[in-house]
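Residue numbers (numbering that gives the first Met the number 0): 0 to 307.
Each residue gets a CB set at the ideal place from its N, CA and C atoms; glycine is no exception.
Please read all numbers here as calculations on a predicted model, not as lab measurements.
Have a look at the structure below before the remarks.
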Amino acid sequence: MNRLLWIIPFIIVLGSAASSFARPLGCSSSSPSGLDTDCDGVADEEDNCVNVPNGDCTIDDPISCDIDDNGTLSEAELEGGGQRNTDLDDEGDACDDRDGDNLIDIFDSCPDVQNPTQQGPDDFSACTDKDFDGQGDSLDNCPSESNPDQKNRDGDTLGDACDKCIFTIDTGADSDGDGIGDACENDIDNDTIRNERDNCPAIPNRDQLDRDQDKVGDACDNCPNISNTDQENICPDPSVVPGPQPAEDILGGLPEQRELVSGSGGCTLSAATTTDPEPISGFLGLMILVGMTIGIISLLRSRRIRRF
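Given below as structure tokens:
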């Protein structure tokens, strides 16, 4: 007998659980189906917002009208409550979402412009829509070009509708203004020379003239007559000729010259030292040195011959 008393409570619990699983979730109602999913007092078959409470709203009825479930009723909740259906569509005003951004219109600061990142009912930053495509300018990837689908195949910041390189990530630059972005154009300057072979890819120069042969065309070379591949702002001094410079005079110029000058009173002559006014060039100095060497050798030989 005692064992039976212990089993009875378990049977009751199991029966209740089975009953709850057999009945759909929600609240019971007097309707034939007995179901009121959103517990707003309106049976599902009569409710135009099955999942959003929108019964007859009064200030004393916070349960069926508190759509945001914050425990208080806002003016929008009171005005949007009940089974009102202003636009006569399949859903009541309480669950309408005209712009499809998952924000119910009565709480959407921009009900006709998608703004899923709305910070609150007073956030109107996304409401401006210049191209009338249903996308607020602050979220629109082509704010000046209507593109409701916001298609963006290359994943950059520009939608296909306004992207000049729809398959190449780019900034939208178009140097020649032909409607094809620089990032995906083979000949940016339209001079018939492909970018990779053009010595001035951004400036038309079909002749590819390059006088200094520095691989930078004259049309865009900041020093067209002097080779400077690095294109630094300062051109090399054109007066300096590249290559080895002439060697200095190997003799160091002519020996010091002694010039006779008059002494005081015009009686005495003295030697005054002057410097070579113009050094002898390296080649001429070398010739003089060779000549002097040959002369000395010839002189020595002639003296030896006389001795014998």
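| Check | Outcome |
| --- | --- |
| Neighbourhood of Thr156 by C-beta distance below 7 Å, restricted to the same chain and skipping five residues each side | Asn140 |
| Three-state class that DSSP yields for Asp220 in the structure shown | coil |
| Beta-carbon proximity of Asp121 to Thr127, cut-off 8 Å | no |
| Bridge partner(s) assigned by DSSP for Gln134 | Gln113 |
| Cβ-Cβ distance between Asp217 and Asp229 below 8 Å | no |
| Length of the line joining the Cα atoms of Val260 and Met291 | In this predicted model, Val260 has a pLDDT of only 45, less than 50, meaning its place in the structure is not dependable; the value taken from the coordinates is given anyway. Spanning the two alpha carbons is a distance of roughly 30 Å. |
| DSSP state of Ala201 mapped onto helix, strand, coil | coil |
| Residues near Asn189 by beta carbon distance below 6 Å, same chain, minus five either side | Asp175 |
| Burial state of Glu184 (16 or more Cβ within 10 Å) | buried |
| Ile202 versus Asn227: straight-line alpha-carbon distance, rounded | 18 Å |
| CB contact flag (Asn194, Asp206, <8 Å) | no |
| Per-residue DSSP class, three states only, for Gly171 | coil |
| Environment of Pro115 [buried if 16+ CB atoms lie within 10 Å] | exposed |
| Chain-order list of residues whose beta-carbon lies under 7 Å from that of Asp96 (same chain, five-residue window excluded) | Leu102, Ile103, Asp104 |
| DSSP state of Arg196 mapped onto helix, strand, coil | helix |
| Alpha-carbon spacing of Cys219 relative to Cys199, whole angstroms | 6 Å |
| Leu299 versus Ile293 - alpha carbon distance | 10 Å |
| With 16 other Cβ atoms within 10 Å as the buried cut-off, status of Gln134 | buried |
| Buried/exposed call for Asp98, threshold 16 Cβ in 10 Å | buried |
| Own chain partners of Pro142 with C-beta closer than 7 Å, once the 5 adjacent residues on each side are dropped | Lys129, Asp130, Asp136 |
| Which listed residue (Gly171, Val215, Glu231, Asp211) has its alpha carbon closest to that of Asn224 | Asp211 |
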